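Asker: Each residue of the sequence shown is one higher than the last, beginning at -3 in our numbering.
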Amino acid sequence: VGQPPADKKFQQFLLNDRKVLRFKGYWDDPTLYGARIYLVVHYYLADNKVEVNEAHARNSGRDAYPVFFKRGPLYKRNSGTAYPGMLVSDGGLYHPEDLFVGQSMNVWGRDVTLYDCDDFTQKFYKEFMDLDQKANCIDVSEKPIRHLKLAPPPHNGIGTEEDSLINCQMIMPKAHKPDVAKLMVLSGENLRFEAKMINGEPEDECRRFCIAFFPDTDRTAVYELQVRNSGHMGGKFREKNRIKNPETGKYFELKDFYVGKTVTICAQLFQIIRADEHCLQFLEARADDFPWASAASCARRLQPIFGAPELQDHGGVDPDRLKELAEQNGIDLVDHEIITLLRGFGMDTDSGPVVCGPRLQQAC
-3 VGQPPADKKF QQFLLNDRKV LRFKGYWDDP TLYGARIYLV VHYYLADNKV
47 EVNEAHARNS GRDAYPVFFK RGPLYKRNSG TAYPGMLVSD GGLYHPEDLF
97 VGQSMNVWGR DVTLYDCDDF TQKFYKEFMD LDQKANCIDV SEKPIRHLKL
147 APPPHNGIGT EEDSLINCQM IMPKAHKPDV AKLMVLSGEN LRFEAKMING
197 EPEDECRRFC IAFFPDTDRT AVYELQVRNS GHMGGKFREK NRIKNPETGK
247 YFELKDFYVG KTVTICAQLF QIIRADEHCL QFLEARADDF PWASAASCAR
297 RLQPIFGAPE LQDHGGVDPD RLKELAEQNG IDLVDHEIIT LLRGFGMDTD
347 SGPVVCGPRL QQAC
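1. I want to know whether the segment 271 to 288 touches the segment 243 to 255 - three or more CB-CB distances under 8 Å.
2. Are the segment 99 to 110 and the segment 72 to 91 in contact at 8 Å, needing three or more beta carbon pairs?
3. Note down the Cα distance separating Leu127 from Tyr121, rounded to an integer number of angstroms.
4. Taking Lys178 as part of the alpha helix (DSSP H), name the residues at either end of that continuous run.
5. Is it buried or exposed, Phe6, if we count other Cβ atoms within 10 angstroms and call 16 or more buried?
6. Would you call Pro305 buried or exposed, if buried means 16 or more other Cβ atoms sit within 10 Å of its Cβ?
7. Measuring CA to CA, which of Arg58, Arg54 and Leu17 is closest to Ala42?
8. Sorted by chain position, which residues of the same chain lie with C-beta nearer than 8 Å to Ala51's C-beta, five sequence neighbours on each side aside?
9. Which term fits Glu273, buried or exposed, when burial requires 16 or more other beta carbons within 10 angstroms of its beta carbon?
10. To the nearest whole angstrom, what separates the beta carbons of Arg355 and Ile327, a pair I think is in contact under 8 Å?
11. Per DSSP, which residues does Cys113 bridge with? Please list them.
12. Can you name the residues that DSSP bridges to Gln267?
13. In terms of DSSP beta bridges, what is His38 paired with?
14. Leaving aside the five residues before and after Lys130 along the sequence, list all residues of the same chain whose C-beta is less than 6 Å from its C-beta, in chain order.
15. Need the endpoints of the beta strand (DSSP E) that Pro349 sits in, please.
16. Using DSSP bridges, identify the partner residues of Ser100.
17. Are the beta-carbon atoms of Asp331 and Ile269 separated by less than 9 Å?
18. Between the alpha carbons of Ala271 and Tyr254, how many angstroms are there, rounded?
19. What is the residue span of the beta strand (DSSP E) that Phe248 lies within?
20. In whole angstroms, what is the alpha-carbon distance linking Gln267 and Gly155?
21. Go through its chain and collect everything with a Cβ distance to Leu179's Cβ below 8 Å, but skip five positions before and after it.
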């Protein structure tokens, strides 16, 4: 007698005032143009009320009022009353034992998934419920956005590719800047190779062509040589211009031309059979960039066959026999390397030029 009954709600307030469980969640908006909305769920232990706010990111484009659900009792299942002010039972309210990281909660018909919580919430569940909330955390980090770069449209064949590309990059295009240093050093150079057409047609076997390469601008021209009784007139076969190599998909470079090489120009196969003296000297002077024009480099490739009797003979070895010996030992010599060996270690005989084997070995 005498002592009034304890007010449970007041006692709960005194014990848990300013103690708030904080969860992180998200809601996937299923409407048209909807997106994932990240939320912060506050559960107030003092009065068992819930508050849900939107966690706006910087420059998210959303309005600056983040209230998603105003602080108040949150029911697991919502139902209407017969008339305003009608009392309802406290059953069905969300309590701390109903909130788990990795599961979802119903906020007025919206499934909010809880993916993380703060340290105080983790400690609270560990002490009172022996539950590790961090064990069920969900990784919601988004993959880094990969911006795809639009490829330029294909060249339509009018003008150069550089001019067409600069028109796609600039509103007021500027002229393509050439390599001035290359122009000053290689201006006027003209490297000529003789080639034949190998399309299998009998009437084209006797036709001869001159492939001219201009290293200052990497342009290529093809001229047909006048051959008597060939039935074809000499003249320009392909105008001087930068031509793409179908094998590499890039423009022809000087390293793409050497004696014995087969190139495709204007859908025709040309096999290079000779080069003029100026061209050979030009390549030999730049042996670091063109190893097939370096006599020492070609000699080092033949080291596995230095023990052959033909290479010990001071009388020399025939170029065809030398190439055959190399093929037998797995060494693929191109015709330009044979020419380089003849120019570096060759000597004249009654039967024709040969390669001196002892001189070839001394170069290594």
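Just so it is clear, CB atoms sit at the ideal spot from N, CA and C, and this is done for glycine as well. This one's a predicted model, so the numbers in the text were calculated from it and none came from an experiment.
Answerer: The relevant details are as follows:
1. Taking a cut-off of 8 Å for Cβ pairs, the segment 271 to 288 and the segment 243 to 255 touch, as three or more such pairs fall below it.
2. With a cut-off of 8 Å, the segment 72 to 91 and the segment 99 to 110 count as touching, because enough Cβ pairs lie within range.
3. C-alpha separation (whole angstroms): 5 Å.
4. Bounds of the alpha helix (DSSP H) holding Lys178 are Val176 to Leu182.
5. Per the 10 Å Cβ criterion, exposed.
6. Exposed, because fewer than 16 other Cβ atoms sit within 10 Å of the Cβ of Pro305.
7. The candidate whose alpha carbon is nearest that of Ala42 is Leu17.
8. Non-local beta-carbon contacts of Ala51 in its own chain, meaning distances under 8 Å to residues more than five positions away in sequence, involve Lys20, Tyr34, Leu35, Val36 and Pro62 in chain order.
9. The residue is exposed, with fewer than 16 neighbouring Cβ atoms inside 10 Å.
10. A Cβ-Cβ separation of about 19 Å leaves Arg355 out of contact with Ile327 under the 8 Å criterion.
11. Answer is Phe19, bridged to Cys113.
12. The partner list for Gln267 (beta bridge, DSSP) reads Lys192 and Thr258.
13. Answer is Arg18 and Glu47.
14. Same-chain partners within the cutoff: Gln118.
15. Annotation for Pro349: the continuous beta strand (DSSP E) segment containing it runs Gly348 to Val351.
16. Here Ser100 is bridged, per DSSP, to Thr109.
17. Against a cut-off of 9 Å, the Cβ pair of Ile269 and Asp331 comes out as a contact.
18. When only Cα atoms are considered, Ala271 and Tyr254 end up about 8 Å apart.
19. The continuous stretches of beta strand (DSSP E) do not include Phe248, and DSSP gives it neither H nor E.
20. Cα to Cα, Gln267 sits roughly 29 Å from Gly155.
21. Taken in chain order, the residues that qualify are Asp212 and Thr213.
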